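One structure below.
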Amino acid sequence: IIAVYPNGAWGPGKLFTGSAASARAWQGAPYSPISYTQDVVKEIRENLCVDTARLYASGKSNGAGFTNELACTASTAGIFAAFAPISAALYPTADSNTQAGCNPGRVVPLLNFHGLADPVIPFNGQANNVAGNTTYALPNIDTWRVEWALRNGCADGSSVVTNPFPNTSMNTWTCSATNPAAVVHAYSVAGLGHSWPGIEGYDGGVTAYNVTTVAIIPFFDNHTLA
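What follows is the structure in structure tokens.
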């Protein structure tokens, strides 16, 4: 496994002024994260021995929101075989139709974990943040998951519900009998805050399992680009 964690260089920050102006950024505003990701993948392909049919994208919070953007964009949905956004910050709108602009160009294997007690990215969404700023509106996580299932070809929003791990329910959408990529695996974790599910925890509680080893890697292992 080769894990790549891009780290922005110090530069002019889009949202900062004064002494805070030097914020993490890979370029000056306006930013082009899709192009940046394509450049990173190009660098990996040219310098490392990789199976280009087995590239995957995952992230937490804003990183998960960007993972969702990669999945929604045809030029990058065709680069990565599967996607795993965790505790996803799905700005900028709580409008359930926000995903109307999501056009991956193919069915996309998607895995998602989200804590039911997440105070930062509420599971049920929000119209605005505590300051009343609608820029931070968020969709209902279940609604967003169903939208992915419908996009992957499911006839309706119904799913199979199981309980694979302690305090964790799983909704599975299998949208094709012939295309294994047409799936959505969505896990809801009782009592978990804004966290990457794991036994060590970080900022939102712990779980009895490590999501990376028990769910994400096995999910990725099941999917390759055609």
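Here the working numbering is used: the first residue of the sequence shown is 307, the next is one more, and so on.
We put the CB at the ideal spot given by N, CA and C, even for glycine.
Note that the coordinates shown come from a computational prediction; the quantities given were computed from them, not determined experimentally.
With distances taken between CB atoms, is the gap from residue i to residue j smaller than 8 Å?
i, j, result
"A492", "N430", "no"
"S501", "S393", "yes"
"I505", "A514", "yes"
"T530", "A377", "no"
"I308", "V346", "no"
"V512", "W454", "no"
"N469", "R451", "no"
"A395", "N368", "yes"
"A510", "G421", "According to the sequence displayed, residue 510 carries Gly and not Ala. Against a cut-off of 8 Å, the Cβ pair of G421 and G510 comes out as a contact."
"F471", "V436", "no"
Going by C-alpha distance, which of the options is nearest residue i?
i, options, result
"S533", "A437, T382, V356 and L354", "Any answer about residue 533 is impossible in this case: the structure gives the chain only from 307 up to 532."
"T518", "N439, A390 and A433", "A390"
"L498", "R412, V426 and T441", "V426"
"Y397", "A380, G384, R412 and N374", "N374"
"A532", "H420, R412, S465 and A443", "R412"
"L361", "A370, N368 and I350", "I350"
"N485", "V520, V436 and V414", "V414"
"T449", "P428, N473 and A488", "P428"
"I340", "E352, I385 and V467", "I385"
"L416", "A380, G463, A488 and K348", "A488"
"Y342", "N353, N313 and L354", "N313"
Please classify residue i as buried or exposed, where buried requires at least 16 other C-beta atoms within 10 Å of its C-beta.
i, result
"P410", "buried"
"Y311", "exposed"
"L503", "A small fix is needed here, since residue 503 is Pro in this sequence, not Leu. By the 10 Å Cβ count, P503 comes out buried."
"D424", "buried"
"K366", "buried"
"N403", "With a pLDDT of only 44 at N403, under 50, the local geometry of the prediction cannot be trusted, and the value read off the model is given with reservation. Classification of N403: exposed, given that the 10 Å Cβ count is below 16."
"A400", "Residue confidence is low: A400 scores 43 on pLDDT, short of 50, so the model does not pin down where it sits. Its coordinate-derived value is still stated next. The residue in question, A400, is buried, as its Cβ has 16 or more Cβ neighbours within 10 Å."
"L444", "buried"
"F525", "buried"
"S494", "buried"
"S465", "buried"
"A359", "exposed"
"D527", "exposed"
"T379", "buried"
"T441", "exposed"
"K320", "Note that K320 scores 48 on pLDDT, short of 50, meaning its location in the model is unreliable and no value can be drawn from it."
In the DSSP output, which residue or residues are listed as bridge partners for residue i?
i, result
"F389", "A363 and L416"
"Y493", "F419 and M476"
"L444", "Q432"
"N409", "T379"
For the stretch 443-460 against the stretch 476-486, do three or more pairs of beta-carbon atoms, one drawn from each stretch, fall closer than 8 Å, so that the two count as touching?
yes
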